[in-house]
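Trainee: Numbering (UniProt numbering), first residue to last: 1 to 132. Just so it is clear, CB atoms sit at the ideal spot from N, CA and C, and this is done for glycine as well.
1. May I ask you to report which of helix, strand or coil DSSP gives residue 34?
2. Three Cβ pairs or more, each shorter than 8 Å: is that satisfied between the segment 19-36 and the segment 46-62?
3. Give the DSSP-derived three-state secondary structure of residue 20 in the structure shown.
4. Suppose the cutoff is 7 Å on Cβ atoms and the five residues either side in sequence are ignored; what does the same chain contact list for residue 61 look like?
5. Is it buried or exposed, residue 126, if we count other Cβ atoms within 10 angstroms and call 16 or more buried?
6. Tell me where the alpha helix (DSSP H) around residue 77 begins and ends.
7. When you compare the CB positions of residue 32 and residue 39, do they come within less than 8 Å of one another, or not?
What follows is the structure, given as structure tokens:
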């Protein structure tokens, strides 16, 4: 009987994604490209590049393929992306990256467009008065 392929845990998968993002950053810096220049070549903004590199935004196949081309990685980045996709944990969803970030978070920031939260309220607003 052939050996069973051992699936990686969601944490391993997240670590491998982080490694791929770090590899892209390393190759970008080695190529002497700023985030702005690399972003223009990849058709994304510099802030998006920063988000990919820091793990605040998940990588996607289109970006990894484009990065591989721009950085002359000879398919190394694309092959790693394909391995990650093939080894994706079955419990992962398209939001698993968010769940991992949430586990590591130290602060929560909220945007409220329907009301003024807590400390910013005037007494009249808090008591139900109308705000001019």
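Mentor: Taking the structure as given:
1. Sequence index remark: in the chain shown, residue 34 carries index 34 (1-based). Here residue 34 sits in coil by DSSP.
2. Enough Cβ pairs lie closer than 8 Å, so yes.
3. Sequence index remark: in the chain shown, residue 20 carries index 20 (1-based). Looking at residue 20 - three-state DSSP - the assignment turns out to be helix.
4. Residue mapping note: residue 61 aligns to position 61 of the chain shown, counting from 1. 81, listed in sequence order.
5. Reading the chain shown from its first residue, position 126 is the one you call residue 126. A residue is called buried when at least 16 other Cβ atoms come within 10 angstroms of its Cβ; residue 126 does not meet this threshold and is exposed.
6. Position 77 of the chain shown, counting from 1, holds the residue named residue 77. Membership of residue 77 in the alpha helix (DSSP H) is indicated by the continuous run 76-86.
7. By one-based count along the chain shown, residue 32 stands at place 32. By one-based count along the chain shown, residue 39 stands at place 39. Going by C-beta atoms, residue 32 is not nearer than 8 Å to residue 39.
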